[in-house]
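Quick note on full-length UniProt numbering: the sequence shown kicks off at 1 and runs consecutively.
What follows is a short report on a single structure.
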Amino acid sequence: MNTENRIAVISLTSNGKNLALKIKSYLDADIYVSRKFWEQGLKEINKSFKEFIGDIFYKYDYLIFIMAIGIVVRSISKYIEDKTKDPAVIVLDEKGENVISLLSGHIGGANEMTIKISEYLNSNPVITTATDVNNKGSLDLIAKKINGYIDNFKQNIKYINSLLVENKKVGIYMDEYFDVDTRGFVKVDSINNIKNLDALVYITNKKNIDLEFNNLVKVVPKNLVLSVGCRKNTDFNLLYESLLNFLDKNNIDINSISEIGSVDVKKDEKAIIDLSKKLNIPFKVVSRDEILKIEDKFSKSEFVKKSIGVYSVVEPVAYILSGGNLILNKTKYKGITFGLGRLK
């Protein structure tokens with residue numbers, strides 16, 4: 001199994017080391033063992049176990065322990081911070097008979113990894129999160145799947161998941177279709193049919209929702225690509241204020257933006273770089289050669305052509321970065337242009 005996630009497998013016994021090596025044949029993982037069982041290709045635990053855990057706790061996305069669960073609980077307790085930050089923690093006995101999801105089951109992915117490892121080892125998966133044992137979907141897994149933003153994240157996750165476990169009527173409505181686990185939810189086909197619901201999860205890119213419903217949780221998928229064109233040395237505040245105006249006019253939640261793009265000649269434009277930092281999203285550049293191949297699809301500017309060699313910037317950039325799904329054509333401000341694409 002190939003994975004881009006950082007995975008560590010930790011064991012303290014000979015049998016544990018052998019099981020760790022078996023897991024490594026399935027997962028691309030670093031294996032940590034005590035000095036007594038070290039061999040070439042493995043990493044040595046060369047300090048007290050609690051100190052060692054402190055060193056690696058946030059260096060990995062997944063920590064897989066092969067030892068008694070009590071040792072793990074005592075060792076990680078002082079380093080646990082928050083369900084949105086903590087790594088997934090999984091525990092196995094040294095015979096590999098049980099695979100236990102201990103920490104960050106949903107957001108961190110411990111439940112999913114527990115299932116994968118148990119299937120590979122033909123072991124017993126132990127998962128205790130309430131939505132899972134009740135065969136329900138969950139709001140945090142939906143948000144993770146679509147890279148969604150939720151205000152008051154922990155409070156709203158707890159609220160919706162508790163309602164699901166209690167078999168309350170929790171509706172889910174999407175402005176566009178997303179392939180998410182909706183077990184336990186009531187699928188809402190029309191936003192007008194919600195009066196009998198106990199709560200509603202609304203997946204949307206909209207900033208403002210024209211809906212009178214008290215128990216509403218908005219999930220904003222981060223799936224829009226913002227393309228930017230601007231004059232050299234554009235003032236950052238002007239760029240940011242123009243963006244807010246652009247989003248407001250189109251009723252788009254700023255949390256929808258997953259990346260910013262521009263043409264390669266703008267790769268060092270400070271205002272765009274600063275905007276990507278402020279929004280904490282990547283800034284990607286598209287080469288003029290790429291734009292030349294498709295520029296006939298879009299509006300043309302002779303001034304832009306003379307300046308940088310292509311007729312247009314924001315429309316082709318948004319088109320390319322979104323995989324061909326331009327949703328808003330060029331909008332002009334003072335020395336600034338924006339375009340928008342939606343990732344498929």
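Glycine is no exception: its CB is placed at the ideal position from the N, C-alpha and C atoms.
Following the DSSP letters along the chain, one finds R342 inside the beta strand (DSSP E) bounded by residues 336-342. The segment 241-256 makes no contact with the segment 291-306: fewer than 3 CB pairs, one atom from each, lie closer than 8 Å.
Secondary structure of G171 (DSSP, three-state): strand.
Along the length of the segment 144-199, whole beta strand (DSSP E) runs at least 3 residues long occupy 170-174, reported in chain order. Excluding sequence positions up to five before and after N15, its CB lies within less than 6 Å of the CB of E94, all in the same chain and listed in chain order. Listed in chain order, the non-local C-beta contacts of K169 below 7 Å within the same chain comprise V186, N196, L197, D198, local neighbours out to five positions each way being set aside.
Leaving aside the five residues that flank R342 on each side, the residues in its chain whose CB is nearer than 7 Å to its CB run, in chain order, N223, L224, S322, N325, I327. Counted as a single uninterrupted DSSP element, the beta strand (DSSP E) harbouring Y62 occupies residues 62-66. Sequence-distant Cβ neighbours of R288 in its own chain, meaning closer than 7 Å and more than five residues away, are V263, D264, I308, G309, V310. By the Cβ test, the segment 226-237 is in contact with the segment 269-288, since at least three Cβ pairs between them sit closer than 8 Å. Here D93 carries a coil assignment [DSSP, helix/strand/coil].
Judged by their CB atoms, I160 and V217 are nearer to each other than the 8 Å cut-off. Close CB contacts of L42 within its chain, under the 7 Å cut and outside five residues either way in sequence, are with I31, V33 (chain order). No Cβ-Cβ contact shorter than 8 Å links D28 with I45.
For D30, the enclosing beta strand (DSSP E) starts and ends at 30-34.
S104 has its alpha-carbon roughly 14 Å from the corresponding atom of V126.
DSSP places S276 in the helix class (H, G or I) of the three-state scheme.
For T129, the three-state secondary structure derived from DSSP is coil. By the neighbour-count definition (other C-beta atoms within 10 Å, threshold 16), V133 is an exposed residue. Linking Y79 to I150 through their CA atoms gives a straight-line distance of about 25 Å. Bounds of the beta strand (DSSP E) holding N98 are 98-103. For the pair I69 and V180, the Cα-to-Cα distance works out to about 32 Å.
Using a Cβ distance threshold of 8 Å, K332 and S299 do not count as a contacting pair. Between the alpha carbons of N205 and T114 lies a distance of about 33 Å. Look at S299 here: in three-state DSSP terms it is coil, with no helix or strand label. Taking C-alpha positions only, V72 is separated from P87 by approximately 13 Å. Counting the other CB atoms within 10 Å of its CB gives K17 a total of 16 or more, which places it among the buried residues. Sixteen is the threshold: since fewer than 16 other Cβ atoms of the shown chains lie within 10 Å of the Cβ of N124, the residue is exposed. With 16 or more other Cβ atoms inside 10 Å of its own Cβ, F37 counts as buried. Sixteen is the threshold: when 16 or more other Cβ atoms of the shown chains lie within 10 Å of the Cβ of F338, as they do, the residue is buried. In the structure shown, P316 falls within a helical segment according to DSSP collapsed to helix, strand and coil.
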